[in-house]
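Working notes, beginning with the structure itself.
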Amino acid sequence: MRILHLSDTHLDRTATPNKYGVDATESLRLMLAELRHQQGVDAIVVTGDLADAGEVEAYAAVRDLVGEFARRTGAPVFLTTGNHDERTAFTKVLGSGHLTADGTERAETVLESAVGERAAVSTVGGWRFVTLDSLVPGKVHGHLSPAQLGWLRQVLSEPAPKGTILAFHHPPIALDVETQRVFGLRDPEDLAAVIEGTDVRVVLTGHFHLQLLGFLAAVPVWVTPGVVNRIDLTAAPGTERAVRGASASLVELGGATGPLFHTFHARDPRAHETVWELGEEQVRSLVENHG
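Numbering of the sequence shown is given in the working numbering, commencing with residue 273 and proceeding in unit increments.
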């Protein structure tokens with residue numbers, strides 16, 4: 273199973289530079305163009321923050337751009353919500369978030385949620401893809417509701433032929449970086465209790481705009497870097513810096529040495545230029561306001 277994993281496209285309603293001078297639509301186009309030579313792609317996963325402000329037009333652009341790539345590869349597409357997303361607009365354009373290569377709905381099971389949470393199940397070549405919704409409206413951090421976790425426990429009660437891939441936005445792991453600790457998934461131990469001892473082979477997330485690998489309940493957790501920009505951890509402690517450069521990942525499961533993770537970086541002539549930088553006081557204020 274070869275998965276192209278993207279996250280944090282942050283598309284706006286129009287394909288124009290954002291307040292930092294970055295055209296998110298162009299970043300996604302560039303990344304997909306760089307991936308055009310990839311062969312044997314079985315699935316495409318996009319783990320949230322598809323839109324920067326939750327606008328219908330942004331979801332339509334993601335659907336069209338990623339869909340064009342999917343049609344060339346014949347791979348289905350699985351998309352999740354992130355903290356910048358809006359469930360009603362997401363659903364209007366993307367449905368469950370599980371799409372065939374030609375853009376039609378393919379989910380086998382969808383969570384029935386009173387608040388509209390987007391969680392669904394599809395199977396590809398014996399591998400089960402489960403997307404969850406860690407969005408907490410108005411907040412930066414993520415949370416998986418008891419309803420979702422109960423539903424997930426039921427889904428996982430019967431193993432899939434080759435195993436399960438779990439995808440959502442907020443990582444349940446973090447480096448010793450204050451913004452990661454505060455803005456990641458709350459109560460990750462609740463998720464760990466559900467997936468421990470099951471057939472979950474990997475957890476795919478985004479949100480941090482950098483690559484990171486860790487484990488939850490002995491299951492590998494992969495954080496793919498963002499498409500719109502990436503966070504540069506060479507900044508001084510207590511500060512935060514985002515730099516230009518679209519990135520994505522290849523995740524390979526099922527081989528003798530898997531899982532394997534590889535990161536792609538688009539060849540942007542302005543890569544590594546600072547997009548924005550926050551000083552210690554700004555980071556402290558950010559954590560206090562959103563922690």
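Glycine residues also receive a C-beta, built at the ideal position from the N, C-alpha and C atoms.
Buried or exposed: residue 289, going by 16 or more other Cβ atoms within 10 Å of its Cβ?
As a first step, residue 289 is located in the sequence shown; it is residue number 17 there, counting from the start. Exposed.
Close-in-space but distant-in-sequence residues of the same chain around residue 519 (CB under 8 Å, 5 per side omitted)
As a working mapping, residue 519 is identified with position 247 in the sequence shown. So the qualifying residues of the chain are 303, 483, 496, 497, 498, 499, 502, 535, 536, 537 and 538.
So what does residue 347 bridge to, in DSSP terms?
What you label residue 347 is simply residue 75 of the sequence shown in a count that begins at 1. Its beta-bridge partners do not exist; DSSP assigns none.
Outcome for residue 460 when other beta-carbon atoms lying within 10 angstroms are tallied against a minimum of 16:
If you number the sequence shown from 1, residue 460 lands on position 188. By the 10 Å Cβ count, residue 460 comes out buried.
Using a Cβ-Cβ cutoff of less than 6 Å, which residues in the same chain neighbour residue 382 once the five nearest sequence positions on both sides are dropped?
Position 110 of the sequence shown, counted from the first residue, corresponds to residue 382. Closer than 6 Å at the Cβ level, and outside the excluded window around residue 382, lie 368 and 392.
Specify, as a first and last residue, the run of the alpha helix (DSSP H) that residue 297 falls within.
Residue 297 sits at position 25 when you count from the first residue of the sequence shown. Where residue 297 is concerned, the enclosing alpha helix (DSSP H) stretches over 296-306.
Rounded to a whole number of angstroms, what is the C-alpha to C-alpha distance between residue 284 and residue 395?
As a first step, residue 284 must be located in the sequence shown, where it is residue number 12. As a first step, residue 395 must be located in the sequence shown, where it is residue number 123. When rounded, the distance between both Cα atoms is 31 Å.
Along the chain, where does the alpha helix (DSSP H) containing residue 359 start, and where does it finish?
Here the question's residue 359 lines up with position 87 in the sequence shown. Residue 359 -> alpha helix (DSSP H) spans 359-366.
Would residue 414 pass as a contact of residue 469 if the rule is Cβ separation under 8 Å?
The count along the sequence shown starts at 1 and reaches residue 414 at position 142. The count along the sequence shown starts at 1 and reaches residue 469 at position 197. Going by C-beta atoms, residue 414 is not nearer than 8 Å to residue 469.
Measure the CB-CB distance between residue 522 and residue 276 and report whether it falls below 8 Å.
To locate residue 522, count along the sequence shown from 1; it is residue 250. To locate residue 276, count along the sequence shown from 1; it is residue 4. Cβ atoms of residue 522 and residue 276: closer than 8 Å.
If you reduce the DSSP assignment to three classes, tell me which class residue 492 lands in.
Taking the first residue of the sequence shown as position 1, residue 492 is located at position 220. Of the three classes helix, strand and coil, the one that applies to residue 492 here is strand, per DSSP.
Determine, using beta-carbon pairs with one atom in the segment 431-451 and one in the segment 331-348, whether at least three such pairs fall under 8 Å.
no
Given 8 Å, three or more beta-carbon pairs between the segment 371-378 and the segment 401-413
no
Can you have a look at residue 299 and say buried or exposed, based on whether 16 or more other CB atoms are within 10 angstroms of its CB?
By one-based count along the sequence shown, residue 299 stands at place 27. Answer is buried; the Cβ neighbour count reaches 16.
Count the other C-beta atoms from every protein chain shown that fall within 10 angstroms of the C-beta of residue 360, then say buried if there are 16 or more, exposed otherwise.
Along the sequence shown, one-based indexing puts residue 360 at 88. Answer is exposed; the Cβ neighbour count stays below 16.
Coil, strand or helix - residue 562 by DSSP:
Mapped onto the sequence shown, residue 562 falls at position 290. Looking at residue 562 - three-state DSSP - the assignment turns out to be helix.
Taking Cβ to Cβ, would you say residue 436 is nearer than 8 Å to residue 466?
Within the sequence shown, numbered from 1, the residue matching residue 436 stands at position 164. Within the sequence shown, numbered from 1, the residue matching residue 466 stands at position 194. Not in contact: residue 436 and residue 466 (Cβ atoms no closer than 8 Å).
Roughly how many angstroms separate the alpha carbons of residue 355 and residue 331, rounded to a whole number?
In the sequence shown, the residue the question calls residue 355 occupies position 83. In the sequence shown, the residue the question calls residue 331 occupies position 59. For residue 355 and residue 331, the distance between alpha carbons rounds to 14 Å.
Alpha-carbon to alpha-carbon, residue 513 and residue 547:
The residue you call residue 547 lines up with position 275 of the sequence shown. The residue you call residue 513 lines up with position 241 of the sequence shown. Approximately 8 Å between the Cα atoms of the pair.
Do you know how far the Cα of residue 433 is from the Cα of residue 322?
The residue given as residue 322 occupies position 50 in the sequence shown. The residue given as residue 433 occupies position 161 in the sequence shown. One C-alpha to the other measures close to 30 Å.
Measure the alpha-carbon distance for residue 312 versus residue 555 and round it to whole angstroms.
Your numbering for residue 312 matches position 40 in the sequence shown. Your numbering for residue 555 matches position 283 in the sequence shown. Using only the alpha carbons, I get a separation of about 42 Å.
Residues near residue 487 in its chain [Cβ-Cβ closer than 7 Å; skip 5 each side]:
Taking the first residue of the sequence shown as position 1, residue 487 is located at position 215. Correct list, in chain order: 493.
Simplified DSSP state of residue 276, which is helix, strand or coil:
For the purposes of this step, residue 276 is taken as residue 4 along the sequence shown, with counting starting at 1. Strand at residue 276.
Which residues mark the beginning and the end of the beta strand (DSSP E) in which residue 533 is found?
Here the question's residue 533 lines up with position 261 in the sequence shown. Residue 533 -> beta strand (DSSP E) spans 532-537.
Identify the continuous beta strand (DSSP E) that holds residue 389 and give its terminal residues.
What you label residue 389 is simply residue 117 of the sequence shown in a count that begins at 1. From DSSP, residue 389 is part of no beta strand (DSSP E); its letter is neither H nor E.
Could you round the C-beta distance between residue 316 and residue 338 to whole angstroms and report it? I think they count as a contact, below 8 Å.
Against the sequence shown, residue 316 aligns to sequence position 44. Against the sequence shown, residue 338 aligns to sequence position 66. Confirmed, about 6 Å.
List the residues that DSSP assigns as beta-bridge partners of residue 579.
No answer is possible for residue 579: it lies beyond the span of the chain, which begins at 273 and ends at 563.
Given a threshold of 16 other Cβ atoms within 10 Å of its Cβ, counted over all protein chains shown, does residue 463 qualify as buried or as exposed?
Taking the sequence shown and counting its residues from 1, one reaches residue 463 at position 191. Buried, by the Cβ-count rule.
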